[in-house]
Amino acid sequence: MSHLSISASGPLAAASLLLLGLSLLRLFALEQRQQRRDREAAERQSALEDALERADASALARHCLQARNDPDLDRDLRAIVGRGLSSQQRGLLAAAAQETGLIDCLRARLASADAITRGRAAQLVAALSSAEPALELEPLLEDEDADVRLAAARAIGELETREADRVLIRALGRDAIEPDRLLEQLARPGAVRELVLASYRPESAPIRGLLAEALGLTRSLLAIATLASLVRVGSDEERLRACRALGRIGRPDVVPLLLEALADDTWPVRAQAARGLTGLAGLSCIGDLERALCDRAWWVRANAAEALRIAGPEGIAALERAASGSDRFAAERAREALALATARGDGARALLEIAA
Amino acid sequence: MRSLLGTGNDVILLLLVALNLAATAIILAAARLDARERRRRDLVDVSTIARSELTTALSVIVPAHEHEREIVHAVRALLDSGYPTLEVIVVDDASHDGTIDELRRAFSLVPVERVPRSRLATRRVLRAYASPLDARLLVLDKEPGGRADALNTGLRFARYPLVCPVDPQLSLDHDALVRLARPFQTDAATIACGASTRIAAERGSPVARLQSLARLRMSLISRIGAARLGGPLLGSGALAVFSREVVVSAGGYDGTTPGEDLELVLRLHRHCRDNGRHYRVASLGRPVAGSPGSDSLLAAWRRARGARRGTTAALARHRGMLLRRRYGTLGWLVLPAITVHALLRRPIALAAVGGAIAGLALGVVAPSLTIVDGVLLASATAGLSLAALLLDGSSGAARSLTGTRGLRLSGDPVHLPLARS
Chain A
1 MSHLSISASG PLAAASLLLL GLSLLRLFAL EQRQQRRDRE AAERQSALED
51 ALERADASAL ARHCLQARND PDLDRDLRAI VGRGLSSQQR GLLAAAAQET
101 GLIDCLRARL ASADAITRGR AAQLVAALSS AEPALELEPL LEDEDADVRL
151 AAARAIGELE TREADRVLIR ALGRDAIEPD RLLEQLARPG AVRELVLASY
201 RPESAPIRGL LAEALGLTRS LLAIATLASL VRVGSDEERL RACRALGRIG
251 RPDVVPLLLE ALADDTWPVR AQAARGLTGL AGLSCIGDLE RALCDRAWWV
301 RANAAEALRI AGPEGIAALE RAASGSDRFA AERAREALAL ATARGDGARA
351 LLEIAA
Chain B
1001 MRSLLGTGND VILLLLVALN LAATAIILAA ARLDARERRR RDLVDVSTIA
1051 RSELTTALSV IVPAHEHERE IVHAVRALLD SGYPTLEVIV VDDASHDGTI
1101 DELRRAFSLV PVERVPRSRL ATRRVLRAYA SPLDARLLVL DKEPGGRADA
1151 LNTGLRFARY PLVCPVDPQL SLDHDALVRL ARPFQTDAAT IACGASTRIA
1201 AERGSPVARL QSLARLRMSL ISRIGAARLG GPLLGSGALA VFSREVVVSA
1251 GGYDGTTPGE DLELVLRLHR HCRDNGRHYR VASLGRPVAG SPGSDSLLAA
1301 WRRARGARRG TTAALARHRG MLLRRRYGTL GWLVLPAITV HALLRRPIAL
1351 AAVGGAIAGL ALGVVAPSLT IVDGVLLASA TAGLSLAALL LDGSSGAARS
1401 LTGTRGLRLS GDPVHLPLAR S
């Protein structure tokens, strides 16, 4: 039986080694090219910043032309836009994009077969379009690529227009994108009007809980009336989310509503109400929180104890009463809260001693 | 005998050529994947997740046993990690040193009562402590039961939907938790997301640097595997975030198997597929944490042996998944490949070396052929190592491997040390 000789195995081994070497060379060349591109993009970006600073329309047009001709050369534009521009700078850049045809090119790229090109185009269309682009970007919220959907949601959110808010609220009703990612884009006071309007529409019933959550994230006083109605007549989920939203708004106006929710039939709503009162509890709610300390649900008692611990001397006095009271379960929570309050005091004293 | 040795050497030569070709394919795939990931990076938004109130809350579980030196530093680093909503649960598994005392002193711990939120059988929790300085910290002192039992105890008391087991000696990158949690924010079907860890060999011994290189190679291979096969497994030493609900419903960690991390991931796959659940296990392309290297060859060998035993035990426990249609690529490709690697790698290597020596002694194999074998073996390993170094330069692994004056490819990593090395 004949075996492989060096004359037969040598070329085989040499060929495999050659292929390996070539693949390494290719990888090295790609890395080098990428590093060169990174450097060039950084240079272009600083040139673009200069051009914006000097309001140099011809330099801006050059940048827009580059981005129009090669989709991979729009990095400088996206970096600048992502960092935030003054309205004057944005206007200059938008005018250059319009003149050079970049904006039309970007609109065409929204339908590109390449997902990354679509996502990048969405970012720039939102930033550079002179007309309201929210409706144009809306289909991308249902794109097949998850990253494109998120990029589109971000781009629409950054528009901060009522049309954009409406588009985002409509997308809440569809399952194409995680609702929380849309709510993040609505988390600003300006979105409160559209959110309130949407909350009262009959077709919004399936997303009313989400709208309550979004209203809380706006932290706007204008949201309180809508949330109040949800706390009173909403479903379990809506009442729970409304309580959380009221806690987020965190103004004295929400205290009566949270106290009302503290008597809800569902314990998670009561627990959320007690949690919402943490940091808000004044003299007016000490009694209610003291009663909540005797609630049959552990989480309500725990959250009430925490709210009393933060509430100052009156809260501590209430905890002391509960700690020596006849309700064993309330006493346990109260004693723990008092132990934490005392230890915090000790810690503060120790820090003061060290500082002295 | 002579004929057998000759044939054996031929087979080995062909295997080594195949190994080189496989390394070539991996390098080319890695180059392509890297270019694609770089382009996609522009669309990936981590900063919103890092500051959003709506980012899914995370319970970090730190199983501690005789960790008095590093535990306080580790807990502080986790609390300062910047993850939007987080709790840190330290589970002390009956340490004899001052682990609990150190924590008590640093965080002014006071005894509290806590109600478990999940039903898992664990050893008894003796005491629970909270910190008035930071409400996000919970310390549990329990009866001895091992790492898996400590993790299950943490799972029982975890409040949040996501859990992340973190050993105290790990060094997490500053955005590690956010990046690991990202797939859960964008796809509700995600049940786990893992990333490899690098060996933090800065100021380390040559052994640690070799370990680091080996880990980088494995990282590269699993990265390609994850991209091509959908990230079905989390490799050895991986850092992972899990959905608490799924882990608890699958029964938590199994303390009777040495490789409890791999075993859990396999069981999660099995649990989801057996119950017809649509799910996804995500895997990040790059390492997100560093673990300390071994100081000596003996320690490194023991560590490798421990990992091998863990893998073997986990594979043995789930051998029923092998070559079963229900488990798809995992059952047909990934598990058989890992099984061959774990069980047959050493016997094949020993047979190859023994055969080469015997062949040389009997004059069946020409010395030049043995040299060709050696060159082929070294080139495959060196090629993969070089590729891993090139691709991982920006994540700081190259710097930690080569020290401060060595090969530094690009980028400036920011590390969040969880423990002093």
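The listed protein sequences derive, respectively, from chains A and B.
Its first residue numbered 1, the first sequence is counted upward by one per residue in my numbering.
Its first residue numbered 1001, the second sequence is counted upward by one per residue in my numbering.
In this text, a Cβ means the ideal position worked out from N, Cα and C, and glycines have one as well.
Residue i, buried or exposed, once every other Cβ within 10 Å from all chains shown has been counted against 16
i          : result
Ala1282(B) : buried
Glu1143(B) : exposed
Glu290(A)  : buried
His1096(B) : exposed
Val1340(B) : exposed
Tyr200(A)  : exposed
Ser1395(B) : Residue confidence is low: Ser1395(B) scores 45 on pLDDT, short of 50, so the model does not pin down where it sits. Its coordinate-derived value is still stated next. It counts as buried.
Ser86(A)   : exposed
Gly1008(B) : buried
Val233(A)  : exposed
Ser130(A)  : exposed
Leu1172(B) : buried
Ala225(A)  : exposed
Gln32(A)   : exposed
Helix, strand or coil at residue i [DSSP, three-state]
i          : result
Ile359(A)  : No answer is possible for residue 359(A): it lies beyond the span of chain A, which begins at 1 and ends at 356.
Pro133(A)  : coil
Arg107(A)  : helix
Pro252(A)  : helix
Thr1190(B) : strand
Ser1385(B) : helix
Thr1197(B) : strand
Leu1140(B) : strand
Pro1367(B) : helix
Asp56(A)   : coil
Cα-Cα separation, residue i to residue j
i          : j          : result
Arg78(A)   : Val1112(B) : 51 Å
Ser1205(B) : Gly1290(B) : 15 Å
Ser1118(B) : Leu135(A)  : 45 Å
Arg321(A)  : Leu293(A)  : 11 Å
Glu40(A)   : Phe1242(B) : 40 Å
Ala1342(B) : Gln34(A)   : 37 Å
Gln89(A)   : Arg1179(B) : 33 Å
Leu246(A)  : Leu280(A)  : 11 Å
Ala1128(B) : Val1088(B) : 13 Å
Leu140(A)  : Asp180(A)  : 17 Å
Asp1295(B) : Leu106(A)  : 56 Å
Gly1082(B) : Cys1164(B) : 15 Å
Trp1332(B) : Arg1325(B) : 7 Å
Asp1373(B) : Ala8(A)    : 13 Å
Ala963(B)  : Ala47(A)   : With chain B covering 1001 to 1421 only, the question about residue 963(B) has no answer from this structure.
Under 8 Å by beta carbon: chain A residues contacting residue i
i          : result
Thr1381(B) : None at all; the shortest Cβ gap to chain A is about 11 Å.
Val1372(B) : Ile6, Ser9, Gly10, Ala13
Ser1249(B) : The premise fails here: Ser1249(B) is roughly 21 Å from chain A at the closest Cβ pair, so nothing lies under 8 Å.
Ala1017(B) : It is worth fixing the name first, because residue 1017(B) is Val in this sequence and not Ala. Residues of chain A passing the Cβ test: Leu12, Ala13, Ser16.
Under 8 Å by beta carbon: chain B residues contacting residue i
i         : result
Val375(A) : Since the first and last residues shown for chain A are 1 and 356, residue 375(A) lies out of range.
Leu183(A) : Leu1054
Ile116(A) : Arg1039, Arg1040, Asp1042, Leu1043
Trp298(A) : Val1115
Partners in chain B for residue i, counting only beta-carbon separations shorter than 7 Å
i         : result
Phe28(A)  : Leu1390
Ser23(A)  : Thr1024, Ile1027, Leu1028
Glu142(A) : The contacting residues do not exist; Glu142(A) stays about 14 Å from chain B at best.
Under 7 Å from the C-beta of residue i: neighbouring residues of chain A
i          : result
Ala1023(B) : Leu20
Glu1113(B) : Glu332, Glu336
Ala1035(B) : Leu30
Amino acids of chain E, ordered along the chain, whose beta-carbon sits closer than 7 Å to that of residue i
i          : result
Asp1187(B) : The chain labelled as chain E is not found among the protein chains of the depicted structure, namely A and B.
The ligand NAD heavy atom lying under 6 Å from the CB of residue i
i          : result
Ala1192(B) : Absent from the structure shown: the ligand NAD. Ligands present: none.
On the three-pair Cβ rule with 8 Å, is the region 1039-1058 of chain B touching the region 1169-1185 of chain B? As far as the Cβ criterion goes, the region 1039-1058 of chain B touches the region 1169-1185 of chain B, which means the pair count is three or higher.
Three-pair Cβ contact test at 8 Å for the region 148-156 of chain A versus the region 166-185 of chain A:
yes
Is it the case that the region 40-49 of chain A contacts the region 1041-1050 of chain B, given that we only count it when at least three CB pairs across the two stretches are under 8 Å?
no
Please determine if the region 265-284 of chain A and the region 298-318 of chain A are in contact, where contact requires at least 3 C-beta pairs separated by less than 8 Å.
-> As far as the Cβ criterion goes, the region 265-284 of chain A touches the region 298-318 of chain A, which means the pair count is three or higher.
Take every Cβ of the region 90-103 of chain A, pair it with every Cβ of the region 57-69 of chain A, and state whether three or more of those distances are shorter than 8 Å. Yes, the region 90-103 of chain A is in contact with the region 57-69 of chain A.
Would you check if there are 3 or more beta carbon pairs closer than 8 Å linking the region 18-29 of chain A to the region 1381-1391 of chain B? yes
(message) Quick check: the region 1266-1284 of chain B against the region 1314-1323 of chain B, are at least 3 beta-carbon pairs closer than 8 Å?
(response) yes
Practice item. Say whether the region 1140-1160 of chain B touches the region 1060-1071 of chain B, bearing in mind that this needs 3 or more beta-carbon pairs closer than 8 Å, one atom from each stretch. Key: yes
inquiry  = Does the contact criterion of 3 or more C-beta pairs under 8 Å hold for the region 1241-1255 of chain B versus the region 1299-1307 of chain B?
reply    = no
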